[in-house]
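Chemist:
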Amino acid sequence: MKFSTHNNRKIKITGTCFQGEIISSFQKLVDAFGQPLKSDFICYKSDAEWWVKFEDGKVATIYNWKDGKNYLGKDGMKTEEIMNWHIGGRDKAIVERIISILEKTK
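Under this note's numbering, the residue at position 16 of the sequence shown is numbered 91, and the numbers go up by one with no gaps.
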């Protein structure tokens, strides 16, 4: 299924919430979805996030949660070392879509 990211279009994520988790390297996420947003849409609790919109209008967010330097300061992980990522959306089906994209990413 085709998708766009925040890197090439404006995406509204209003109404999304946690739907699941994935384990992935930061680099694999960059390879699949491009550079992350640097700003933190949830105050200071995440360090990197991606917004994805599929051709059928469903949206997903991918972000770390309370394990990076924004939240933990010097005790937090560097963004490039984070392996646990949250997936947000409006339904759980979005998790499988993100997993499928990552499985196809080299």
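Each residue gets a CB set at the ideal place from its N, CA and C atoms; glycine is no exception.
#1: Is it buried or exposed, TYR119, if we count other Cβ atoms within 10 angstroms and call 16 or more buried?
#2: So is ASP142 buried or exposed if we call it buried at 16+ other beta carbons inside 10 Å?
#3: With C-beta atoms as the reference, is LYS103 less than 8 Å away from THR154?
#4: Apart from the five residues on each side of it in sequence, which residues of its chain come closer than 7 Å, Cβ to Cβ, to TRP140?
#5: Should SER99 be labelled buried (16 or more other beta-carbon atoms within 10 Å of its own) or exposed?
#6: Rounded to whole angstroms, what is the Cα-Cα separation between GLU96 and TRP126?
#7: Using a Cβ-Cβ cutoff of less than 6 Å, which residues in the same chain neighbour VAL170 once the five nearest sequence positions on both sides are dropped?
#8: Distance, Cα to Cα, ASP131 vs ILE174?
#9: Measure the alpha-carbon distance for CYS92 versus LYS128 and round it to whole angstroms.
#10: Return the CA-CA distance between LYS144 and MET152, expressed in angstroms with no decimal places.
Modeler: According to the structure data:
#1: exposed
#2: Answer is buried; the Cβ neighbour count reaches 16.
#3: For LYS103 and THR154, no; Cβs fall outside 8 Å.
#4: LYS120, SER121, HIS161
#5: buried
#6: When the Cα atoms are used, GLU96 and TRP126 turn out to be separated by approximately 15 Å.
#7: GLN94, GLY95, ILE162
#8: 17 Å
#9: 15 Å
#10: Rounded to the nearest angstrom, the two C-alpha atoms are 6 Å apart.
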